[in-house]
Structures are given as C-alpha cells and as structure tokens.
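S.K.: First the structure, then my questions, so here it is.
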Amino acid sequence: MTMKKTTLDLWVGLFVAAGLAALLFLALKVGSFSAFEAGKTYTVKASFANIGGLKVRAPVKSAGVVVGRVTDIRFDNTTYEAVVTLSIGNQYKFPTDTSAAIMTSGLLGEQYVALEAGGSEKMLSNGDTLRLTQGAIVLEDLIGKFLYSKAEEGGSGGTQPGLAP
Amino acid sequence: MSDNLVEIRDLSFAYTDRLVLQGINLTARRGQVVAIMGNSGCGKTTLMRLIGGQLKPTRGKVWVDGQSVGDLDFAGLYRLRRRMGMLFQFGALFTDMSVYDNVAFQLREHTDLPEEMIRDLVLMKLNAVGLRGAQDLMPSELSGGMARRVALARAIALDPMLIMYDEPFAGLDPISLGVAGDLIRRLTDTLGLTSLVVTHDVQESLKIVDYVYFISEGVIVAQGTPQDIRASELPYVHQFVHGEEDGPVPFHHPAPDYAEELGLAHA
Amino acid sequence: MPETLLAPLRRLGGRVVHSVWRLGLATRFFFLTLLYSGTCVRRPHLVVKEIFSAGVLSLIIILVSGLFVGMVLGLQGYETLQTYGSEEALGILVALSLVRELGPVVAALLFASRAGSAMTAEIGLMKATEQISALEMMAVDPIARVVAPRFWGGVISMPLLAALFSAMGIFGGYLVGVVLIGVDEGAFWSQMQAAVDFRDDILNGVIKSVVFGVVVTVIALYEGYDAPPTAEGVSRATTRTVVSSSLAILAWDFVLTSFMFRGV
Numbered sequence: 715m716t717m718k719k720t721t722l723d724l725w726v727g728l729f730v731a732a733g734l735a736a737l738l739f740l741a742l743k744v745g746s747f748s749a750f751e752a753g754k755t756y757t758v759k760a761s762f763a764n765i766g767g768l769k770v771r772a773p774v775k776s777a778g779v780v781v782g783r784v785t786d787i788r789f790d791n792t793t794y795e796a797v798v799t800l801s802i803g804n805q806y807k808f809p810t811d812t813s814a815a816i817m818t819s820g821l822l823g824e825q826y827v828a829l830e831a832g833g834s835e836k837m838l839s840n841g842d843t844l845r846l847t848q849g850a851i852v853l854e855d856l857i858g859k860f861l862y863s864k865a866e867e868g869g870s871g872g873t874q875p876g877l878a879p
Numbered sequence: 023m024s025d026n027l028v029e030i031r032d033l034s035f036a037y038t039d040r041l042v043l044q045g046i047n048l049t050a051r052r053g054q055v056v057a058i059m060g061n062s063g064c065g066k067t068t069l070m071r072l073i074g075g076q077l078k079p080t081r082g083k084v085w086v087d088g089q090s091v092g093d094l095d096f097a098g099l100y101r102l103r104r105r106m107g108m109l110f111q112f113g114a115l116f117t118d119m120s121v122y123d124n125v126a127f128q129l130r131e132h133t134d135l136p137e138e139m140i141r142d143l144v145l146m147k148l149n150a151v152g153l154r155g156a157q158d159l160m161p162s163e164l165s166g167g168m169a170r171r172v173a174l175a176r177a178i179a180l181d182p183m184l185i186m187y188d189e190p191f192a193g194l195d196p197i198s199l200g201v202a203g204d205l206i207r208r209l210t211d212t213l214g215l216t217s218l219v220v221t222h223d224v225q226e227s228l229k230i231v232d233y234v235y236f237i238s239e240g241v242i243v244a245q246g247t248p249q250d251i252r253a254s255e256l257p258y259v260h261q262f263v264h265g266e267e268d269g270p271v272p273f274h275h276p277a278p279d280y281a282e283e284l285g286l287a288h289a
Numbered sequence: 037m038p039e040t041l042l043a044p045l046r047r048l049g050g051r052v053v054h055s056v057w058r059l060g061l062a063t064r065f066f067f068l069t070l071l072y073s074g075t076c077v078r079r080p081h082l083v084v085k086e087i088f089s090a091g092v093l094s095l096i097i098i099l100v101s102g103l104f105v106g107m108v109l110g111l112q113g114y115e116t117l118q119t120y121g122s123e124e125a126l127g128i129l130v131a132l133s134l135v136r137e138l139g140p141v142v143a144a145l146l147f148a149s150r151a152g153s154a155m156t157a158e159i160g161l162m163k164a165t166e167q168i169s170a171l172e173m174m175a176v177d178p179i180a181r182v183v184a185p186r187f188w189g190g191v192i193s194m195p196l197l198a199a200l201f202s203a204m205g206i207f208g209g210y211l212v213g214v215v216l217i218g219v220d221e222g223a224f225w226s227q228m229q230a231a232v233d234f235r236d237d238i239l240n241g242v243i244k245s246v247v248f249g250v251v252v253t254v255i256a257l258y259e260g261y262d263a264p265p266t267a268e269g270v271s272r273a274t275t276r277t278v279v280s281s282s283l284a285i286l287a288w289d290f291v292l293t294s295f296m297f298r299g300v
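Right, here's the structure in full:
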C-alpha cells in the first residue's frame, strides 16, 4: 500500500507539474503579458473627427513600436467628435505637442493609433489631451475624392459639363 | 442505566403513502442476540434503518442506550453511530480498498491512533473472524462468506455496543452458514455486545439467538425464545419454521380468479 | 376534446417542474459539497487520490486529442489563410482558437465523458452496494468523505488538462504548419505572441475551464449520488451525466464568451 501510495503521489506530482508547465508555456511563449496594465500606465485623450474602424484594445504605436493601447472610445455630444482614451506605458515619454493619427496596418489590416513626437520641452502627463489629430482615412471617401478629381479633369476638357463646379 | 440496550415503543413508519411498520414494540437486553424474522419485504430492513437513525419514525420512539434516536441532532446521531456496527447484506466493503484498509477505515477516520497501533487492532479483529491471512486481498477477490466476515471485522473495529446484521445468512453455503452463526454468537459473548439479527433463515438463527420477533405485514405477530418458537402452534410461525409452501402466507400473489383470467369461466 | 390538448401541455409542465426541481437539488448538493470540504483541507491526500483518477487517467486522451485537433487546425487554417496570402497568421489562428475556445471546451467534453462518467458510475455503484449507507452507519459523512474530494480533484484537474490540451494543440499546429508545410517559424511564433494577450485570452480560457470543471463534476457527482441503486439506474445516470454535462459546457461557454469577449 505504501508503495502504491508513493507511485500515485508521483504521478499526480508529474501531472500537476506538466499542467503548470503548459500554463507557463501558454503565458510566455504563446501569449504576452500586456505591458500596459493599470498602474504602470498614464492615459491621454485625443479627439478625432472620424475614427473609422478603430476598436477598444487596438494598439498605440510610435515609430512602429507598440507603446500602449486604446482603452476607451466615446462620442462627444458638444463637438460631435470621437474622444479616444489612450493608455501609454510609463516608460514611454512624449512631448505635449505630439500628434496622433489613425492608421491602418496594411491595406485591409487592423487600425491603430500612431503617435508622432513633437518638439516641445514639456512631456505629456496623465489626463492630458492631444491637440493635433488626424482621423482615419476612409476608403470610400478616398475613392470618392479620386473620382471627383478625375471628373474635374474631364470637366475642364468639356466632355462632362454636368459635373463641372 | 436500563438493562435494555434497544427499546422500541409503539413504532410506526410509512414511506409517503405506504405503511411499512405499525405499532412495533421490541426490546433487546444487553448481551443478547435478538432475531427479527419475517418473510421478504416485511419491513425488517426498514426497522434496522430506524434503529440506525437513517430513517425517522412516523410515530413512536426508538431508544438506543437511553437515547431517542429519532430526536438526536446530526452530531448526536453520529456520536451514537460510532458505538453501533452494522453488517450489510452483502458486506458493503469499500471496493477500492484492501481488506486491511477496510477494517482500519473507522480507526483512521475516528481516532488519531498511530499506524502501528491501528495495525495491531486490525490484525486482532481480522484474527477474530479468522481472516488474518486475507489482509492484502481486495474485496473483489473474496467469496461472499469471506466478504461478510471482513465486514464483520470492520463493524467491530471500534468495539461497538450494538451490532445489527442485515441478512447475515443469505446466500451462504452450509459451511459458511455455520461459521457465520457461530461467529455472531461468539463475538456477542466475548466482546459483551448486543446483536440484532434480521434474517429469514429460521433454522440457523434459532440455534444461536436468545429471543425472536416475528414480523409480518409490518406488525409483530409472534415473539419468544427459540423453544417457544419451535413449539408454537401459531399458523404463521408454524408455516415459517417448517417452511410450508402454503398457509397464512399464500403461495399466490393476490390475483383474479384463475379460470376467469384464462377465459374458461364463460364456458 | 380539450383533454387531448391538455395532456401534452400537462406533460410539458410536469417535465419543466421536474427539471427545475432537479436543478434546485443539484445546486443544494453543490453548496453542501462546499460546506463539507473541510475534510479535504485536513486530509489533502484524499484529493490527491482523486486528482489521480480524474486528471492523470484522462491525460492520454487529452494529449492525443489535443495534438490531433491542433494538427487539423493547422491544415485547415493554412488552406484558408493561403487564399488571402497571410499564411504567417497561422500561429494566431491556431493559438487563439485553442486558448479561447477549443482548449477549454473540447478538454471539458472529453473530461465529462472520461472522468465524469467514471465518477457517476463509481458513486452510483457505491450506493447500489450500500457502501454509502455503510459510511453513514460508521458515522462518516459521505459528502465529506466521498463527494468533496472528488469535486476538488476534478476542479483542480480540469484547468490543467485544458492547458495541456491547448499546449499540445499549438504544438500540433506548429508541426503541421511549420515543420510539414513550411510556414516561416519566426512569423508563426511572433505573430502569435503579438496577438494573444495573457489576461484577455489565456486567463479567460483558464477561467472558462475552471467553470467547466465545477459544472462537470457537480453534474457527475449529483447524478451518481441521486442514481437509483440498480444496474439500470446507474447506467442511465452515467448516460445523463455525459449528455447533460456536454450541454451545460456548451451553454456556459456561450454565456462566458459573451461576457469575456464582448468589447473586442
């Protein structure tokens, strides 16, 4: 019986160790701890005229490096703009005149917020608002604009007078 | 303290709609082997569960060692049960444990004895039922008679004051039957126990018991010492003791008239 | 005429009342089990023994199934992603499907049919052979001694099994995707790592598997404890364990998923 008991204990020990190792593998190799947990971040707000398809939890990148995440998206009833809250890691410092733009990774990829540092001496702190923003480029608008300018070219040639301004 | 270890007064019990026991009066004195007999399904096992507190009486009282079983709270009932042993019909050994561990079970659960002392006690109990050599076997490797003897060793592990046997003789060959009967008598005498034996095996139990109660249809129909019972002229007892096919207990289950059911009555 | 209309309604009502009644009893049973878990703390070896029968004995089926599920995901995922020219995202696809859904759910379904049915059958047979009654007569509470250790054994084993299933599945996806088909190894792992978040994906997966562990073991133990003490009763209870715990796993998965991944 004692013999049996120790082998049983050994098996259970192996099983628990393997299970924990699998969890550790998932945590370290498969996933990544988001470095932007509460407490180690500061938040700034930015208003955009159009956020396109930006979602909560989308990355915030600067020079291609992920420096934070989008934590909240709201609609402002007075300015009719989208207010996006960005949570940025404490180790990343940006000047107060940093600009934010909503970009798309690849042609059809996910959208993210790109930060471009300015030249100010003062650094952003928790709760600040970014003044310089550029909203998402909406593909439909772009195509519309393209067609419009094409039409304009054609219009000056006199072939399509109906579309001339 | 009274001389009666088990005392039952005016006990009735009903499952939701079916009355199983009615107006039972029964006494077992300390040191006695008392048999409760009756044909199958007469409520014997129910009576045992009432004494063990697994069921609560609908009416009347059961006293064990001066305590009214039905009125005890959970803790009180469990304290009382530590001083009772019960032998189930087929032993009810724990199938995932060896014979040794089965007998040691209560000692490990209820005492803080060191393992060496548990070992000595287990071997003593196993020796008392003649199965010290079977300590390493698993219950699946035992014959029916042996399993019941192991269960008996397990039941006496904590030296109880009362042991209840549920059909200890059912399905045993003649040799095991004799062994089981002797064992019940001997353990009762040497350990100063009181034994309650629920059985329908008249011949074997009459050899070893001090007093017999006959139950039929939930009421006690006869009682007395084995001599009284053997000499009894009561039709039910006579039928039971002598194993006659028909009598107060009919051979046929209640049924409509035979000829009519076969469709011969019209002819 | 109205009787023919009323009879099915009455049957339906009876079934609903009966199900609610059993659900209530099972819930009560669950809280009783928690209440009587003190013994497991005082005698941890009782739980260790049950981790062996619930966890270690389910290991083979979990590991092998995990590997194959991952390999199938690798193959199918590659076929689909190739159409869009984004084979590198294979790692993301395999890892997210496993960690969020397939790992906890499939491991729990396998656990229900392997360990859950065994628990039901074991307790049902203990009841049928009067071992439960014997425990009561020996002043040992069966919930504390038999049910609670099995409950904790199952609840501890389940997340570990799910993690092993996911890890094995990702390895299977890696085998097919990288080793066999030749997706770039660096892209496979790095894209996976960038897309899988510890808290939102992995931790939520673990929470799911813990909930499934509780659901499956409670159903299995309750069915066993409630089974009529006959051969037929035990076999029907075992079937019911597998059916109802599978349904419960899927239903709970939907509820948990809708809470966990709503904003994403």
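Chains as they are written, first to last, in the numbering used here: chain A, 715 to 879; chain B, 23 to 289; chain C, 37 to 300.
Glycine included, C-beta positions come from ideal geometry on N, C-alpha and C.
Computed from a predicted model, the values in this text were never measured in an experiment.
Among C:Gly152, C:Gln167 and C:Leu161, which one has its Cα closest to the Cα of C:Gly190?
M.R.: The candidate whose alpha carbon is nearest that of C:Gly190 is C:Gly152.
S.K.: Below 7 Å on C-beta distance, what does A:Leu853 contact in chain C?
M.R.: Under the 7 Å cutoff, chain C gives no residues; its nearest Cβ is about 17 Å from A:Leu853.
S.K.: If you count every other CB in all the chains shown that lies within 10 Å of the CB of C:Trp188, and 16 or more means buried, which is it?
M.R.: When all chains shown are included, C:Trp188 counts as buried.
S.K.: Measure the C-alpha to C-alpha separation of B:Arg208 and B:Cys64 and round it to an integer number of angstroms.
M.R.: About 28 Å.
S.K.: How big is the Cα-Cα spacing for B:Gly45 and C:Met173?
M.R.: Cα to Cα, B:Gly45 sits roughly 25 Å from C:Met173.
S.K.: Could you name each continuous alpha helix (DSSP H) segment of 4 residues or more that falls completely within the stretch 126-150 of chain C, going from the start of the chain to the end?
M.R.: Entirely contained in the stretch 126-150 of chain C, the alpha helix (DSSP H) runs reaching 4 residues are, in chain order, 126-132 and 139-147.
S.K.: Under 8 Å Cβ-Cβ, which residues of chain C neighbour B:Tyr100?
M.R.: Those are Ala175 and Asp177, listed as they occur along chain C.
S.K.: Hey, B:Ile230 and B:Ile206 are a contact pair by Cβ (cut 8 Å); roughly how many whole angstroms apart?
M.R.: About 6 Å; that satisfies the 8 Å criterion.
S.K.: Can you name, in chain order, every residue of its own chain whose Cβ lies under 7 Å from the Cβ of C:Tyr210, other than the five neighbours on each side?
M.R.: Taken in chain order, the residues that qualify are Phe224.
S.K.: C:Thr156 touches chain B at which residues, Cβ-Cβ below 8 Å?
M.R.: None at all; the shortest Cβ gap to chain B is about 16 Å.
S.K.: What does the Cβ neighbour count give for C:Ile255, buried or exposed, with the cut at 16 atoms within 10 Å?
M.R.: Flag for C:Ile255 reads buried.
S.K.: Could you check if B:Trp85 is buried or exposed, using at least 16 other CB atoms within 10 Å of its CB as the buried criterion?
M.R.: Answer is buried; the Cβ neighbour count reaches 16.
S.K.: Could you check if C:Tyr261 is buried or exposed, using at least 16 other CB atoms within 10 Å of its CB as the buried criterion?
M.R.: C:Tyr261 comes out buried.
S.K.: Counting contacts by CB-CB distance shorter than 7 Å, is C:Gly189 in contact with chain A?
M.R.: Taking Cβ atoms only, chain A never reaches closer than 7 Å to C:Gly189, which makes this a no.
S.K.: Would C:Gln229 pass as an interface residue toward chain A - the criterion being a Cβ-Cβ separation below 7 Å?
M.R.: Cβ-Cβ to chain A under 7 Å: yes for C:Gln229.
S.K.: Determine the extent of the alpha helix (DSSP H) in which C:Tyr261 is found, giving its start and end residues.
M.R.: Note, C:Tyr261: alpha helix (DSSP H), Asn240 to Asp262.
S.K.: Which of the three DSSP states, helix, strand or coil, is assigned to A:Glu866?
M.R.: Here A:Glu866 sits in helix by DSSP.
S.K.: Could you have a look at C:Met204 and say whether DSSP puts it in helix, strand or coil?
M.R.: It is helical.
S.K.: Kindly indicate the opening and closing residues of the beta strand (DSSP E) around A:Val795.
M.R.: Looking at the sequence shown, residue 795 of chain A is not Val but Glu. Counting along the chain, the beta strand (DSSP E) containing A:Glu795 begins and ends at Glu795 to Gly803.
S.K.: For B:Met59, report the span of its beta strand (DSSP E) as first-last.
M.R.: Residues Val55 to Met59.
S.K.: With DSSP collapsed to three states, give me the class of B:Val243.
M.R.: Strand.
S.K.: Tell me the rounded alpha-carbon separation between B:Gly82 and B:Ile73.
M.R.: The alpha-carbon atoms of B:Gly82 and B:Ile73 are separated by roughly 12 Å.
S.K.: DSSP three-state label for B:Thr221, please.
M.R.: Residue state, collapsed to three classes: strand.
S.K.: Among A:Ile816, A:Phe808 and A:Lys718, which has the Cα closest to the Cα of A:Gln848?
M.R.: Out of A:Ile816, A:Phe808 and A:Lys718, A:Ile816 has the C-alpha closest to the C-alpha of A:Gln848.
S.K.: Opposite A:Gln825 in the DSSP bridges: which residues?
M.R.: In the DSSP output, where bridge partners are listed per residue, A:Gln825 has A:Thr818.
S.K.: Looking at the strands, I want to know which residues DSSP matches up with B:Asn26.
M.R.: B:Asn26 is bridged to B:Arg51.
S.K.: Could you pull out every residue in the same chain whose Cβ sits closer than 6 Å to the Cβ of C:Glu86, ignoring the five residues on either side in sequence?
M.R.: Answer for C:Glu86: Pro185, Arg186 and Gly189, listed in chain order.
S.K.: Where does the unbroken alpha helix (DSSP H) through C:Val183 begin, and where does it stop?
M.R.: That residue, C:Val183, is in no alpha helix (DSSP H); it is neither H nor E in DSSP.
S.K.: Establish whether the CB of A:Gly733 and some CB of chain C are separated by less than 7 Å.
M.R.: Output row for A:Gly733: interface = yes.
S.K.: Using the Cβ count rule (16 or more neighbours within 10 Å means buried), how would you classify B:Arg170?
M.R.: The residue in question, B:Arg170, is buried, as its Cβ has 16 or more Cβ neighbours within 10 Å.
S.K.: Who are the neighbours of C:Glu172 on chain B, taking C-beta pairs under 7 Å?
M.R.: Those within 7 Å of C:Glu172 in chain B are Gln76.
S.K.: Could you name the residues of chain A that C:Ala180 contacts, counting a contact when the two beta carbons are closer than 8 Å?
M.R.: Those do not exist, as C:Ala180 stays about 21 Å from chain A at its closest Cβ, beyond 8 Å.
S.K.: Can you list, in chain order, the residues of its chain with a C-beta nearer than 6 Å to that of A:Gly832? Leave out the 5 residues immediately preceding and following it.
M.R.: Around A:Gly832: Pro809, Asp811 and Thr812.
S.K.: Could you tell me the alpha carbon to alpha carbon distance between C:Val242 and C:Phe147, rounded to whole angstroms?
M.R.: Distance between the alpha carbons of C:Val242 and C:Phe147: 15 Å.
S.K.: Closer than 9 Å by beta-carbon distance: list the chain B residues that pair up with C:Thr165, in chain order.
M.R.: Neighbours of C:Thr165 on chain B, chain order: Phe110, Phe112, Gly113, Ala114, Leu115 and Thr117.
S.K.: Looking only at C-alpha atoms, which of C:Ala199, C:Tyr72, C:Arg51 and C:Val83 sits nearest to A:Leu738?
M.R.: Closest option to A:Leu738, Cα to Cα, is C:Ala199.
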